[in-house]
Structure formats: structure tokens, C-alpha cells
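Protein chains in written order, with our numbering: chain A, 117 to 279; chain B, 117 to 279; chain C, 117 to 279; chain D, 117 to 279. Glycine included, C-beta positions come from ideal geometry on N, C-alpha and C. See below for the structure under consideration.
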């Protein structure tokens, strides 16, 4: 009989994925480095594998909401990146990924000074990949927010030979 | 370092919850029995605990979509009930639960003849509870759909003493 | 200065769309007729245009939830069909449409005996179309539920010439 | 017979709402001014009424994604604020509002230098209010993103008399 596995530390189990792009790690790191918003919000990549990613950040001053907590927009930015890059790690070579839509549930106020955002792929498709993410204050803290996102995969225009 | 737990059979781990209502099992079963839609669609409760539920069903003829697969509406009905009753199992006595909203991702066509729908509570609150659910063809089959729902808890009108 | 247009009767305005398939009406009607779930729930198409659809239904007995209202699953089934067929009306010839995901907000209990479900396209794309829908008890009644859905367009396998 | 109203400029019609708090305008402006994230992203309130709000912004450098467009997190931050403050304008005195969850659909890349984010209330409740929002490059530009959010209303702790 099925019963949920009782866990404390993480709600994001995953099936095993094989990356379609042997240089997936390189391409995720290169794209992440190009996202100016990540640097501006102090978001760093601290773990990466085929189908998953972990980000960590200490939000800079100036990104709070009216009660002094971290603004939900920062939480969403981190989780959106986590879901998108988890999907990107499994995409074929020469493919762009675009977040088509996501839903976020803000479970608790984002109180704290340092956070982790994790993303895993639930279903990797040729056109659409579905990822889920969660935000915590630290590895063992309570879940502050969860996200489910749909990421569109689009072939990049291939460059012709130099003439 | 965090890494997702690699699993095959279930994506719905859960923290341990203590039911606030000692007769939670009884009230869930009584409410479920009152949902005519469950009987009409052949949906049965096959497992129940504090914060989780498992339903099983073989959809009756007449509930297919244009390609002959089970209609997404049936999938949504089963998952909505799973998310709602997982929440109801943790609600205080004399509380009604109402699904406020949900998001469903249809990951694969609902091909097959028998299905399981599971729901677990992610965060149990006084006013809002957030649950997640998943649908599979059977215990070990691929995930066909996932749901995240927000359930509103409302105190039932208490009856005054007879006069 | 922008201000919302104040309306009573409908929240679903739309931009003008040109159908890509001259026989869009025919194909929508044919596909709708193949959805056994529509007939089983008494859902009928009462209006159709390029990018929009209106459905009407009186749910048969046996599809209530625990308080005797229409089960949210029936509401979702009708709105899912409305969003999907609004998208289908704008799809190119020889294209299948599949609901990838949707979010539904259940604003009020679905009390009543007859309902209308409307769907309009917000953005028609080559791969993804986004539609929104709303459910009312009747043309001028309050909104009972709203939906936003993402519909995937996939080219149908073209049949080769007879040999 | 119902037909969608064909519009070009705005998809956010609204029913007429009466504010429950006579000083709604003052309290919205005061709360908005406390959101440091708004100032950091250059987001300003340019219109406000009972049940609706309009924000405008030119994102500062440093908030782009990998292709140079405005990061979806900035789009979500603006729309989340628009949905939340539309709800706040209708809340009773001494009530806090908290975004419980939202779904965003990113319809087109956020290309451009100045944007408007609008939010309107769809259903104002005692405990939950549902708002929708849309983002455009300018008043008449195409819709870049849409949001549906659920906002929780919670009574503020009332201060007792000084002792």
C-alpha cells in the first residue's frame, strides 16, 4: 500500500535523468552568468546536476515589501531561475528555454537573511518541460514557497558557415 | 550538499502531521461518501492518513475526450478531491474545507483503464492549507498529472443549545 | 489615463482574430461531438467564433460535492473545454490541441441548475496558445469560476498518398 | 447571444466596487511607499481607484535575463504588487493583505524600456480576494504577461489602551 515517504529536509525527489547535451553544465553556467538580475540580487549557483539545480542568496538591501520581509518578487525571481535552469540542464544542444508560465504559493513570509532555492525537473519533453522548485531559509528550514513552472524549448537558429 | 533524492515510485514526500481532529478518519470518510460525483466516476478511497489520501478509479464509459483518453476533467476531479481531503484530514473539528483554486499540469495523456490519485498536505494553516497531488496509471507508472491547490478552512456554524 | 472599463455582464473582452483554418467552425463542432464527456455532462456548444466559444449545461444528477453544489470537477471540465476549443478555433489546419496546464479559481459555490462557460483566446501562438474562461449561472449572473489555460498545438501526422 | 467585446487597448474590465475603507487611497499610497523593492526597481503608482491600480516603470540596468530582456522576476514583482494593491484598496480598515499565490503567463518577451502594470479585483471577499493583472510596454502595446492572484486578508492586531 502506498504511503507518503515522511521527510524533513526536502520535498523534491526526482527520477534519474540523462542529459541530452554532454556540455550541459557548461551551458547552464554560461547562461546563468549572463543573467544580470542574478548578480544584482546576489543569487549564486551552488549545486547542479542533470535535471536539478540549487541556488543560494542573501538579498541585498532595498528588496523588501511593506513589512520588511524579502519581496515575493525576489523569491519568484530565484525560483523561476531554479525551475528554468533545471529544465535547461536537460535540453538538447542548440536549444533556448523560455518560461511560459508558473504558479507560486507563498507559504510563509520570507523572513531571514539567507535563502536556498532549488529546482528539479518533473517531466522533460521535447517542446515543454515541467519543473518544480522550493525556497527555504536554509537547508533544513521550513519551506517558504513552492513553484510549478512550464518551460518552452525552442531550437536556436543555427548559424551558417562563414562566407 | 543538497541533492534531490532519486526515486521511481513517488514524488510526494511529506512532513509528519498531527491531526487536530481525533475523528479525522471518520469525518473524511463521511464527507467523501456524500460526494455523489465520486460514486458517479467510480472513484474510491483506498488509503488515508493524517495529511494524505489515496484514491483509485476505473473511469466509467462516457468520460473520454476527442482522442479516446480519459477527459482531463475526470483527472482534475480526482486530484481536486485528493488535495481537498488531504487538507480536510488535518482540519480542526467543525471546520468546512473549500477548494479556493488549483493548478493542474497534464503531463501525459491519461491513457489506461485504472488510475490512482494521491494527495498530500504541504502546509497546513489555520485559514489556508496547500496540498499537492499526482495521478498515475498505477502505483509504479509514470506521473500523468500534478496538481497544487489552495484549500480554505471555514468554521462551521455552531448550533446553539435547544431552547 | 487608463481606467478599467466598468462592466456588469462579461469580463472576457478579446482582440480580433483571423482564423487560420477556413473550416474552423466545422472542425470545432466535429471534435466537440467526439468528446463523450460533454454529452455525459450535458454540455452543449451555444456560440462559436474565431477565438471564442460559449457552452451551456444543466449538470445531470450525480455530479455534486458534499454540500450539494455542482462538483468543481464539472466546472473545470466545462471551462477546460471552453479554453481548449477557443484555442482550437484559431489553430492551423491539421493541428491537434492539448491542454498543457490550467489554473482555476473557484470564486463562489456553483449553486444553480444551469450554467454558461465561456472561453476566449488571449494570445494565439504557433506552439502555445493562452486562453481564459469564466463560468456563470446565466448570462448576467455573478462569475462563479475563472480559468487561465495553456494549450499546446501539435501538427497532426499527415497521411501519405494511397499506394 | 453573448459575444466577447472586441477591444484593443485593455483586457481588464471590472464591476463597480465600493471601498470599505474611506481612506483607501491614503493607505495604499502609504504601504506602497514602504515597499523598498518598488523604489529599487523604479516602479511608480500612476493611477488608483477602488479595486484597481496602474503602475509604471522603467527597469534600472542590471535586471535583465540571458537574452537582454527584462527578467521575468521584475515583471512578476510589478504584477504581484498591482494585484495586491488592487485588493488592498477594497479591504476593510485595519486589515493586512498577503499574496497567497499567483500564476503568471509570460506571453511575449519583456522587450522595451518602459512598462505599465495594471491590476483589478475580480472578486472581493472577506478572507480571500482574487485579482488579475496585465503588463504592457505602453498603454496600447500588446500584452506581455498576465497574472491571476489570490490575496489573503488578515485583521491587524488591534492595539490595546496604554496602561
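Could you work out which residue in the options is closest to residue i when comparing CA atoms only?
i                      : options                    : result
residue 238 of chain B : B:118, B:120, B:169        : B:169
residue 164 of chain B : B:190, B:152, B:155, B:203 : B:203
residue 211 of chain D : D:139, D:130, D:129        : D:139
residue 167 of chain B : B:225, B:147, B:152, B:130 : B:130
residue 227 of chain D : D:190, D:134, D:243, D:236 : D:190
residue 143 of chain A : A:229, A:214, A:207        : A:207
residue 91 of chain D  : D:152, D:151, D:162, D:157 : This structure does not reach residue 91 of chain D, given that chain D is present from 117 up to 279, and the question cannot be answered.
residue 153 of chain B : C:178, C:135, C:137        : C:178
residue 245 of chain C : A:216, A:259, A:261        : A:216
residue 147 of chain C : C:214, C:231, C:192, C:118 : C:214
residue 254 of chain A : A:155, A:162, A:201        : A:162
residue 201 of chain B : B:118, B:192, B:145, B:155 : B:145
So residue i is in the beta strand (DSSP E); what residue range does that whole segment cover?
i                      : result
residue 261 of chain D : 259-271
residue 161 of chain A : 159-165
residue 168 of chain B : 168-173
residue 248 of chain A : 244-252
Give me, in chain order, the residues of the same chain whose beta-carbon lies closer than 7 Å to that of residue i; leave out the 5 immediate sequence neighbours on both sides.
i                      : result
residue 233 of chain C : 171, 194, 195, 198, 249, 251
residue 133 of chain D : 166, 167, 206, 237, 240
residue 160 of chain C : 171, 172, 173
residue 272 of chain A : 210, 211, 212
residue 175 of chain D : 157, 158, 186, 190
residue 192 of chain C : 220
residue 128 of chain D : 234, 236, 248, 250
Cutting at 6 Å between CB atoms, please list the residues of its own chain near residue i, excluding the five before and the five after it.
i                      : result
residue 188 of chain A : 222
residue 264 of chain B : 219, 248
residue 262 of chain C : 221, 250
residue 235 of chain C : 169, 198, 199, 202, 247, 249
residue 118 of chain B : none
Ignore the nearest five residues each way along the sequence and tell me which others in residue i's own chain have a CB closer than 8 Å to its CB.
i                      : result
residue 180 of chain B : 186, 187
residue 278 of chain D : Here residue 278 of chain D scores only 46 on pLDDT, less than 50, and its place in the model is too uncertain to base an answer on.
residue 243 of chain B : 268, 269
residue 120 of chain D : none
residue 225 of chain A : 183, 185, 260
residue 136 of chain A : 206, 207, 208, 209
residue 151 of chain B : 197
residue 141 of chain B : 164, 205
Taking the alpha helix (DSSP H) that residue i belongs to, which residues open and close that run?
i                      : result
residue 195 of chain B : 188-204
residue 156 of chain A : 152-156
By the criterion of Cβ-Cβ separation under 8 Å, what are the contact partners of residue i in chain B?
i                      : result
residue 234 of chain A : 118, 120
Name, please, each residue of chain B whose Cβ falls closer than 7 Å to the Cβ of residue i.
i                      : result
residue 196 of chain C : 188, 189
residue 136 of chain A : Result: empty, since nearest Cβ-Cβ is about 18 Å, beyond 7 Å.
Residue i versus chain D: which residues are under 9 Å apart at the beta carbon?
i                      : result
residue 219 of chain B : 217, 219
Anything in chain D within Cβ reach of residue i, meaning under 8 Å, just list it in chain order.
i                      : result
residue 231 of chain A : Residues of chain D passing the Cβ test: none, with the nearest at roughly 14 Å.
Going along chain C in order, which residues have a C-beta closer than 7 Å to the C-beta of residue i?
i                      : result
residue 170 of chain D : 118
residue 266 of chain A : 216, 217, 266
Quick one: list the residues of chain B neighbouring residue i, beta-carbon separation under 9 Å, in chain order.
i                      : result
residue 206 of chain D : Within 9 Å Cβ-Cβ: nothing; residue 206 of chain D doesn't reach chain B, min ~17 Å.
residue 192 of chain C : 188, 189, 192, 193, 196, 218, 220
So with CB distances below 7 Å, who are the chain A contacts of residue i?
i                      : result
residue 181 of chain D : 151, 153
residue 247 of chain D : None at all; the shortest Cβ gap to chain A is about 14 Å.
residue 244 of chain C : 216, 268
residue 147 of chain D : 182
Output, in chain order, the set of chain C residues within a Cβ distance shorter than 9 Å of residue i.
i                      : result
residue 211 of chain A : Residues of chain C passing the Cβ test: none, with the nearest at roughly 13 Å.
residue 262 of chain D : 238, 239, 246, 248, 264
Could you name the residues of chain D that residue i contacts, counting a contact when the two beta carbons are closer than 7 Å?
i                      : result
residue 156 of chain A : 178, 179
residue 128 of chain C : 120
If the cut is a Cβ gap below 8 Å, which residues of chain A does residue i touch?
i                      : result
residue 159 of chain B : Simply none; closest approach about 16 Å.
| Which runs of the alpha helix (DSSP H) spanning at least 4 residues fall entirely within the stretch 205-232 of chain B, listed in chain order? | Those alpha helix (DSSP H) runs which fall completely within the stretch 205-232 of chain B and span 4+ residues do not exist here.
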